[in-house]
Each structure stands twice: as C-alpha cells, then as structure tokens.
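Chains G and W, in that order, are what the protein sequence lines are. First residue of the first sequence: 1, per this note's numbering; consecutive thereafter. First residue of the second sequence: 522, per this note's numbering; consecutive thereafter.
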Amino acid sequence: MSPWLPILMAVPVVGAVVVALLPKGSDKLAKQVTLLVSLLVLVLTGVMAAGFRPGGDRFQFRAEYDWIPSFGVKFAVGVDGVALVLIALSVVLVPIVVLASWHDADGVKTADGTLITPKRSVKTYFSLLLVLEAMMIGVFAATDIFLFYVFFEAMLIPMYFMIGSYGGAQRSYAAVKFLLYSLFGGLLMLVAVIGLYFVAKVDTRTFMFPELIGAIQDPTTQKWLFAGFFIAFAIKAPLWPVHTWLPDAAAQAPAGAAVLLVGVLDKVGTFGMLRFCLELFPDAAKAFTMPIVVLAVISILYGAIVAIGQTDMKRLIAYTSISHFGFIVLGVFAMSEIAQSGAALYMVNHGFATGALFLAAGFLIARRGSPFIGDYGGVQKVAPVLAGFFLVAGLAGLSLPGLSSFVSEFMVMIGTYQSPAHGSGALTVAAVISALAVILAAVYILWMVQRAMNGPTAEPVKAFKDLNAREVLVLAPLVALIIGFGFFPKPLLDVITPSVKETVTNVKVPVSTIAEKGTGQ
Amino acid sequence: MESEIAQITQHTGGVIGSAWLMIAFPLLGAFILLVFNRFTNRWGHLLGVAMSLASFVVAVLAFFELIGFGEGERRRAVELYSFIPNMNIDMGLLIDPLSISFALLITGVGSLIHIYSIGYMSHDEHRRRFFAYLNLFVAAMLLLVLADNYVGLFIGWEGVGLASYLLIGFWQFKPSAAVAAKKAFVVNRVGDFGLLVGMFVIFTTYNTLSFAELKPIVEENGTTLAIGLLLLLGACGKSAQLPLQSWLLDAMEGPTPVSALIHAATMVTAGVYLVVRSGAYFFPEGSGAALAVAIVGAATLLAGAIIGCAKDDIKKGLAGSTMSQIGYMMLGAGLGPAGYAFAIGHLITHGFFKADLFLGAGSVMHGMNDEVDMRKYGGLAKYMKVTFATFFIGYLAIIGFPLLSGYFTKEGIIEAAMEHNQVLGWLAVLGAGITGFYMSRMVFMTFFGKKRWVEGAHPHESPLVMTLPLMILSVGALFLGGYLVMGGTLYTFLRPAVGGDPTPPVFHFASVPGAVTLALVAIGAAYAWMKYGRAEVPAVQPRGSFLTTFARRDLYGDALNESLFMRPGQWLTRIAVFFDNRGVDGLVNGLAAGIGGSSGRLRRLQTGFARTYALSIFIGAALLTGALLLVGTI
C-alpha cells in the first residue's frame, strides 16, 4: 500500500474546500491559495514520479480500500507508465492554467466592450479547478473500472460549471451540448461496465482491471462490451463523427478551462482506448481495427480541412485537436509497439502544444475581446513577444521537427505504416494518407498566423500591450517543455514503453518479422 | 567493389568528437538573441557574426583533422545521445568529405553574409532579430548536413524551412512578404511529405534510418525505386525544382542577404545534398530513380533559365537563375559518382558566385533606395566600382567564361551528362546558352547604358563591411572551380563518401559540346548586348510576345497550382465546414433529441432551459444506473 496517490488526490480536494470556504471578496487570496495548492501537488507528483521504476511492476504506488463491498467495488489506485505521464501532464498544466486564468473568472469581455458577467463567484471557479485536478489524477490512477467510471462521469460536473457559468455568450448551449454528449457516452460505458462485471470469468466478482484482463473469452460478448467502452471514449476523445461538441465547448470555455478540457479530459478517451478497449477485449479490438482506423484517418484529414476554414481562433484550435486525436487513435489501433508508444507520447505532447496555443490565443483574445481571426492583423509589430509565443505554439501544433509533437506523430505514422496487424497493407495506406496532414497542418496554422499576426497593424490592435510577466511565466515553461521533449523524448519514452509493451503482450499482437538492419528483407 | 563508399568508423575525441559545437554555437547565438530580446539590441549583430565565425573555425579544424586520416577512414561518426529508443534511433553526426564540404561552405559563405548584413541591415530597427534568425538557420543547416541519420537530417531540413519562413517574412508587415513566407513553407511541406513517407519505407524495409547501417545497393528494385522517387519529391520542394519550384521567386520578398545565403548558396542546395547522400543507397548509377533526378534537373535548368530571361526585378532574375543552376546540380546528381563530384563542385562554386551576385544586387539596391526594377537602373558601373567589378566576376563565372569557377563545374556536368544521355546533355548545353543571354541582359541593364533612375536616386558605393565580403566571394568565383576540378581534387576527396572509380574523370578543354556551349553563350551575350546594351532599354516593360508573357508569368506555375490545388482546396474546405455545421451536427443533435423525446425539447435546450434539461438527463442516468445495479444483484 502506497499513500502517494490518495495524498495527491486529497491535497487538491482539501484545497478546494478551503478556497470555497474563504469569505466573500477574498478573490485574490482564493487565487493565491489555488496556485499554491496546485504547485504543491506538482512537487509531490514530482517526488513520487522519481520513485517510479520503469520496467518494474506494471502498477506502482498501489493502494486499495474497500468501497462498496457487496459489489466488490474498491477504491483502488495505481499507475503504469502511461498513467503516470498523463498525471504528470495534468499536474503540470493545472498551476499554469491557474496563473493563466487569473482574470478568467472576472467575466468575458466582448469586442464591443460589454462584459459577460459570470454566473458564479471567482472563488468557486478556482475551487472547481482544484476539484477537477483531483478527479483528473483519480481517473488516470484508478485501477478499479467502476472507480474509473465514477471519475469519468464526475469530471463532467466541474467542467460543466466552468463552461456554463464563466464562458462566452453561448456558454449555456455549449455546456449542455458537452454534458449531453458525454452523458450519452457514459451511459453506454456504464452498461458495458456492468456487463463486464457479470460475464467476466473470475473467481469472485470484481471490477479490478488487472484481474479482468483476459477474463472475457467469448468473441461476441467482447464485441458488445468493446462497443460500449469505445463509443464512450470516441465521444470523449472526440473522434469523427461525434466531435461537434468540442469546438462549441472549447470556443465558449474560458481559455484555461479549454486547455484542461482539450489537453487532459479528452485524453481520458484515448487513454481508455489504449488500456481498456485493447486489453480487456483484444479480439474485438482486432476485429474492429479497420473501421476504427478509417474513422481515425477521416478525423485526421477532416479535422484539418475544417480547421482551415474556421474564422474563430478557438474553434480552429479545437478542430486541429480533432485532427491530432485522429493520430492518437490511429496509433492506438495500429497494434504496433512503436505506434502505441507514439500515441501515448502524443497524448502528453498534445497537451503541452495545444495548451500553449490555447493560452496564447486566450491572451490575444483578452486584449481585443474577439475570437475572430479577421479582427486582428499585424500583432507581431506591436506585441512581438506574444506573437513569438503564438508562433512557437503553432509550430508545435503543426508538428515541426525539433518540437515535441513531431516525435510522437512520426512514431505513430511509422508504426502504423509498418504494422503487421493487417496483412492487406491497409494500415500502410492509412499511414500514407494520414501523412497528408503535415501539409494541411502547415496551412491551418500559418494561415492563421498570417492573418492574425502579420500584415499591416489593424486599428484596434495598435493599443495592444505585449505580454506581461505573468503571461510570460505561463507560456515559457510550456515552450521549454515543447522544445526539451522535442530533442530529448527519451525520459518520457522510457516510462511509457514498458507499459505499452504490457498492452501489446496482453493484446497478443503478431510480432513483425524484423529485417536485419540495413539489408532489406 | 572499388566504387563502393567507405565504411563509417565510430569516432571519439579531437575536434571531430566535438563537432556538435558547430551547431551549438549558432544555436546559442539564436537563443541568446531571441530570449534576451532587446537587451541585446546594441551588440546582437556582433554576437551573431561571432557565433557564425566560431562555427567556421570548428569546421576548418575538423576538416584538417579529417584529412589526417587515410582515405578509407574519412567517414567518422560521432555519437551524441539516444533519441527515440523504441526505434533505435540515435542522434549522431557524420563527419565525412561530403558533410565537411557543406559545413565549410555553410559556415564560410554564411559568415561572410553575416558580416555583410551588419551593413545591409544597419537601418533596420529589428537587426538583432535578423541575426537571431540567421544564426538559427546556420544551426539547422549544419544539423541537416552533419546528421548521421535521416531523422536528424529531417529535423535540420524542416529547421531550415522554419528559418527560411521567418526570414522571407522578416518584413512581415508587408502582406506580400507574409504570403510569400507561408507559401514557401507550405510548398516545402508537400516535398516533406515525400521525404517523410520515404523514411517510412526505408525504416520498414531496412529497420534503420542511419547512414552507417544502410548498405549500398547494387541492383535497383521496386522498393528502392519508390524510396528514390519519394526522396526526390522532398528534394524538389527544398531545391525549388519542377514541379515544386513556385515558392522560390516569391521568396525574394526576404532581405537580400537572406536570398544570398538561404535561397541561393545553401538551403536550396539541400535537395542536391539529399540525393548525393542517398546516392549509394537509392540512386545507383543508371537506375530509374537516378534518371528521374537527372530529368527533373534538366527540365528545371531550362525552366529557370527561361524565367530568368523575362524578369525585370533583379532579384527575381537571379532567383530564376538559381533554379536553373540547381537544375544543373540535380542533373549531375542523377549521373552517379562521376556526376556527384561535379554536382557538388558546382554547388560550391555556385555558392560563391551566386552569393556574390545576390550580395552585389543588394549593394546596388542599397545605393538605389531599394529599387529592384532593372529598367530603373542603367549606367551604374561608374558609381559603384567595387560592386560592379565583383558583380562582373560573378557574372563571368555563372555564364561559364573559360577558366573561371563556373566554367569548370558546369562543363563537367555537361560532359558527364553527354556520356550518360545525349538528350539531357544537349539540353544542358542549350541552358548554358540561355544563361549567357539572361545574365548579360542583367549586367547591361544594371551597369551599362543610359541612366533610367527615378528622381531622388543617388547611387553610391556601399561601405567596406559590405564590399569586403563581395571581394572575398569574387576571389572564390574566379579560382575555386579550377582548383576543385583540375586533377580531380574534389572527386578524389569526395570518393570515400560518394563512391566512384579510383581514377578521376579527365576534364577536356576541347570538346564538341564544350565548343558549342561557348558559342551559344557568346551568341546569347551578343544578343543581349544588341537588345539591352546598345539599344535603349524602355523604362516601362513592353507588352512582349506570347513567349515573353509565358516566361514573365513563371511558365504559369502559379496559375497551375491555383487551378489544380488552391481553388479546389478552397471549395473542399467550404463544403467541409458547411457539412460540419449542418450535416454532422444536425444529425447528432437530432439523435440526441430523439433519445430525449422530441425535437421541441432540443429547441428549448438551445433557447435557455438548458440546465433543467441537463438535470433531468442526469437524474435519469442516475436512476438507470441504480436500476441496473439493483437488477444485477437480484
């Protein structure tokens, strides 16, 4: 029993309670407490992660408590490499988001100068943020599938309020759409979770993930249960064609909430696919590989093409994410170690890259009150530092080699290309088609940069101030991570790879006949 | 087999062991200049120059250490760190005759252009940022040529693309510059798609992307042909070869030193480097892939030359000429080891004389209030003597005036081409003739004839900081070619890295193609003299024939791209956006409404009763959960 993970979850919960109980009007204190708590969680996670042994037990820092004994539900936590890096991603992003959101809960300014007042208080916003952090840690750490499900659903609540109460003009619509989609998927998953509980061939009924691996043998049962999990995760990720809630939610959410939504919450979907869909239902996963790969490739290209046509910056970034999630799903289902390691790495890198882009766009939007690209122009001239950060974040979004996203995208594509999973060569074709996205990505990012940052300076832009110290402090660590992992991805891969290998073993992927180096077949 | 390339030896210690310093110096320079921002404004340019020079010094020392080894041991690999452990990809450098030749060119000519830029950019308030980008470029370009594997090469490859994007768009407040920068990046990405997929195939087939682990091939098969063609696509993008040439002319929006360094001397030659580096693996002599390279080269050398004939903008004229000269290099790179030495030789001499010409053009512009229209020049020889003299040397070198640098390397390519394929050879001869015409036209329009200046022009010679680099470059334009080609100096030096027979090809001073080339060049120059030297040049561009219009419009390359890709792409985007807003969303909304009860509720949801609705769904979900749990236990 290791106390680490329960502590990591408890600290933000306690912080949230403290922040919520602060007297009215102490907004600044609420922000400071939130920042401190999130930094404390970051430090604690760092200390814990230092004790993680790659290649050791699959699940480390395990802790188990009985929760609902009559159903065998346990509060069981533990992390493998993939879960660890995603928890790390979450706890890195939260303090950055807190700092970035310093004024997010004060209301949204529109282009004509009116203020959309938030429905709830400032301290509630930061309290919700900490609750969300605890749940993000919980969802990745849960090794009991029922517990996972609970976190999966419960996470919706703080996010729902962050969008619905603090967002832009259409926040109610966006928040409800987000909630409806997620609940619909959640219900399907719940049915599958319960089904899994009853049909699994285990000695005593349990929701414990490690005991359920290989416990479903019947192919038809596997397929039905797989579908329940997969649809929930596909909505969460989101995958085409159930993606339309994301652009609305991301565009209406305050920039900080959008970062956590796209950067972390959506990853629960792809994380779930990699862990649960593949390992619990390997035969079904293999049977459904081709349709899912097709959906992934459509997402990659469709997301990119629709992104090119967007006029709203935040919607544009949301669509680029749909394209990137397509890559992650492709990597997960390519059934090769390289592609799956790449997909897991992609989840982390995408969090940093898209986080940086959303935040830089958020800073820009805060100066003008308009999310529309056409309302800007020539920002580079008046705010070169802002423009510079925006460009670097954008370049990470187009997977420029030397920046972190490239390594993961490269691994996904090359792993898919050479995957032996489908002898027909269909995966090879999928990899080549998806590589077309490198061209489209250049168009959607650089065209946005050209319209917003270059050219003659638009009249309202002339009064822009460049980034202040707080804003630089938000973006600089992200850019440092993006460049650092771009040239040195090994620390992350060393943690990710052993647990992906476990997945590959459990799925029993056919191993490719590897040619001797340099000689061809 | 004697023609095989030498084995790669692992190397530690010495200057070569620290070759990463070559990349680190300019990278550090870029980092300091960008991060410390305006605090470095006063001395930023000096730091930029110093970092570039430091890199040059390391390159020179590494060169001397390298030639201290025996010929068979001149391919030294230096391990740096493990990059992608899952794929066994390590980051490392390969110091061999090919890469060190490039490193010397990049840091040598690069440093001269850095120095020149001190003067050229002296009035620009963002000069510090300019030097940051130049440093960034040098670092990326060195990574491109020094990496010992395709992934490292690719990082440098896109890194120079980024630097090029930043520098073309250096004056990004001009919409034309911003558009040109984006265009260059996007078109390059089309080529990068080829290089990327090429790497997929290489890794899948050979399980490695490292040059040391790949084995030279003897026979071409379908796979190597596919790889070769994919790599060629990448090369076409970076080197502005047909059909991906269209970005280079627009790239002239960048400051002139950028055009000289990136879009003439170094970056655009990366495609040639890629082909020659991959030569032994995927472009064996006489293979289909090699033939494709040669054909692309021959087609582009003509296209570029024709475009060069019609341009009145001095920089665009030079850009057409760059396309054309790289076409020659590509042609040489498609001829196997015999052509490689001449291709690389031409690449090096071109680096000198083209940088000389571009910087000369910059010097002219500097004295003419940034005027680029040659119709508004005329008679400038008297007013800028050093610029004229150095430009004239560069001019003689590029048209292949006997015994100057360009003569040796270009003739070498023509001769090698003749041996392989007469048609390609004669196309190259024809291209040389056209070069004689358009380059003479440029010299006559700029430096001779009557003054056609606009009011307020006070042409003056540039300061020494600009003319000194010109003088050094023109010395290279005079003698370098002879030194590299005579006695097979470069051929013998490069042989361990690129292969080839032990005996270097002999350079023939008297041959039929050589004589025809000289005659055509003379005719071209004479015709240019008649039209632009002796006759008066109209200050306004005359209408011109169908052929002239064709050339002025860059052979309708842009029009073709627009109708084939841009417009259909725009329509596709519009349709997709429309479909996304109506189709997908409508369908799913409808589904959700169906589940919830009626579409009337959905409308309510959208008009404000959202929370009540959500709450009811949530309660419903909770009830369902409870029911399922209950039923399950019973």
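Cβ atoms here follow ideal geometry from the backbone N, Cα and C, with glycine treated the same way. In this text the structure is predicted, and so the values were computed from the model without any measurement.
Can you list, in chain order, the residues of its chain with a C-beta nearer than 7 Å to that of residue i? Leave out the 5 residues immediately preceding and following it.
i	result
L29 (chain G)	L22
F922 (chain W)	Y928
K971 (chain W)	G899, G900 and E1057
V711 (chain W)	G758 and L765
Quick one: what's got a C-beta closer than 8 Å to residue i's C-beta in the same chain, skipping five residues either side?
i	result
R368 (chain G)	A111, D375, Y376, P460, V461 and F464
L735 (chain W)	I723, Y727, T729 and Y802
L823 (chain W)	S845, G848, L948, L951, G952 and I955
DSSP three-state label for residue i, please.
i	result
Y564 (chain W)	Strictly speaking, residue 564 (chain W) in this sequence is Trp, with Tyr absent from that position. The answer is coil: DSSP assigns W564 (chain W) none of H, G, I, E or B.
E976 (chain W)	coil
N468 (chain G)	coil
I87 (chain G)	helix
A540 (chain W)	coil
G957 (chain W)	helix
Y602 (chain W)	strand
F552 (chain W)	helix
K462 (chain G)	helix
I816 (chain W)	helix
I216 (chain G)	coil
N670 (chain W)	strand
L925 (chain W)	coil
K109 (chain G)	strand
Here's a check: name, in chain order, each residue in its chain whose Cβ is nearer than 6 Å to the Cβ of residue i, leaving out the five neighbours to either side.
i	result
A826 (chain W)	S845, G952, I955 and T956
L446 (chain G)	none
G715 (chain W)	L751, L754 and G755
G640 (chain W)	P984, V986 and M987
A284 (chain G)	Q222, K223 and F226
L132 (chain G)	P158
S638 (chain W)	P778
Quick test of your reading: residue i and residue j, contact by CB under 8 Å. State the CB separation rounded to the nearest angstrom.
i	j	result
A361 (chain G)	V479 (chain G)	That pair is no contact at about 15 Å.
H1029 (chain W)	Y904 (chain W)	In fact, because the Cβ distance is near 42 Å, the residues do not count as touching under 8 Å.
I373 (chain G)	M290 (chain G)	I373 (chain G) to M290 (chain G), Cβ: 37 Å. No contact.
S299 (chain G)	I235 (chain G)	In fact, because the Cβ distance is near 13 Å, the residues do not count as touching under 8 Å.
V495 (chain G)	P54 (chain G)	5 Å
A668 (chain W)	I621 (chain W)	In fact, because the Cβ distance is near 14 Å, the residues do not count as touching under 8 Å.
T1038 (chain W)	I934 (chain W)	Not a contact, Cβ separation roughly 11 Å.
G303 (chain G)	I322 (chain G)	3 Å
L239 (chain G)	A287 (chain G)	Not quite, the Cβ-Cβ distance comes to about 18 Å (not below 8 Å), so this is no contact.
A918 (chain W)	L924 (chain W)	Not a contact, Cβ separation roughly 10 Å.
N607 (chain W)	M347 (chain G)	Not a contact, Cβ separation roughly 16 Å.
S127 (chain G)	A20 (chain G)	4 Å
Considering residue i, what are the terminal residues of the beta strand (DSSP E) in which it resides?
i	result
E64 (chain G)	Q60 to I68
I529 (chain W)	Premise fails: I529 (chain W) is in no beta strand (DSSP E) and is neither H nor E.
V79 (chain G)	V73 to V79
Starting from residue i, trace the alpha helix (DSSP H) in both directions and tell me its first and last residue.
i	result
E409 (chain G)	S404 to Y417
R798 (chain W)	A791 to R798
E806 (chain W)	Neither: E806 (chain W) is in no alpha helix (DSSP H) and is coded neither H nor E.
Y1053 (chain W)	Looking at the DSSP string, Y1053 (chain W) is not in any alpha helix (DSSP H), and its letter there is neither H nor E.
G613 (chain W)	Note, G613 (chain W): premise wrong, no alpha helix (DSSP H); beta strand (DSSP E) at I610 to I616.
T124 (chain G)	V122 to A141
Q32 (chain G)	D27 to A50
F152 (chain G)	I145 to A154
V700 (chain W)	P696 to Y727
F207 (chain G)	Looking at the DSSP string, F207 (chain G) is not in any alpha helix (DSSP H), and its letter there is neither H nor E.
(request) Return the chain-ordered ranges of every alpha helix (DSSP H) run that is complete within the stretch 262-301 of chain G and spans a minimum of 4 residues. (result) 266-272 and 282-287
(request) Could you tell me which uninterrupted alpha helix (DSSP H) segments, each at least 4 residues in length, are contained entirely in the stretch 733-776 of chain W, listed from first to last along the chain? (result) 743-759 and 767-771
(request) Write down every uninterrupted run of the beta strand (DSSP E) in the stretch 331-383 of chain G whose length is 3 residues or greater and which is fully enclosed by it, in chain order. (result) none
(request) Quick one: which unbroken alpha helix (DSSP H) runs of 4-plus residues sit fully inside the stretch 822-874 of chain W? Chain order, please. (result) 835-854
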